[in-house]
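Here's the structure, in structure tokens; my notes come after.
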Amino acid sequence: MFTCDKWIASNHSKSSIGKEITEIVLEDKEFWVQCQFIVKVSEPLVRVLRLVDGDEKPAMGYLYDAIERAKENIKARCNNKVSLFSPFTRIIDSRWDRQLHSPLHAAGCFLNPGIYYSPNFKNKNEVIRGFNSCVMKMELDPDNQDKIIAELDLYKNAIGEFGHSLAIHQRDKINP
């Protein structure tokens, strides 16, 4: 862009700001290093945005885990250096806590067997708390709450239908 005839002929290229920007883009190697870093760190968040914006599968059961995986991916891309990744994870956590984090997202994650039964899944207690919170809000009858929680143990421990080979095989193949 800064070497094309249109730019060179424009009034902007002749202004002091235009000249300064041209010099930065064409000659400042640190500028491009920073651009590469920004692309590297933002890629995991772009994946989350694609998930939320996509029509392929419902995002509710995947969003909670996707945010956690994005943060872990950013940390890894920053070589686990706190000084590099913490500004990004602080922003993500702040937005997540203010706008997105809800018991409903936790319940959606909990009820997604592909995530819940994954050996890499770390937040089981937190998503169970979210599920319990949803049960208490959606079902006010304590007897029905007890029935739901009793059934929940079958799911949590993959007992009965949840433990059959077909159910185990389908955990990652069908949407929750």
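When we follow my numbering, the leftmost residue of the sequence shown carries the number 20, and every step to the right adds one.
Positions of the beta carbon are idealized from the N, C-alpha and C atoms, including for glycine.
- Secondary structure note for residue 31: its alpha helix (DSSP H) is the uninterrupted segment 30-33.
- Taking residue 92 as the centre and dropping the five residues before and after it, the same chain places the C-beta of 63 closer than 7 Å to its C-beta, in chain order.
- Taking residue 37 as the centre and dropping the five residues before and after it, the same chain places the C-beta of 31 closer than 6 Å to its C-beta, in chain order.
- The stretch 101-109 and the stretch 70-83 do not touch, with fewer than 3 CB-CB distances between them shorter than 8 Å.
- In the three-state scheme derived from DSSP, where H, G and I count as helix and E and B as strand, residue 50 is classed as helix.
- For residue 131, the closest C-alpha among the options 40, 39 and 194 is that of 194.
- As the crow flies, the alpha-carbon of residue 148 is around 36 Å from that of residue 56.
- C-alpha of residue 49 to C-alpha of residue 43: approximately 9 Å in a straight line.
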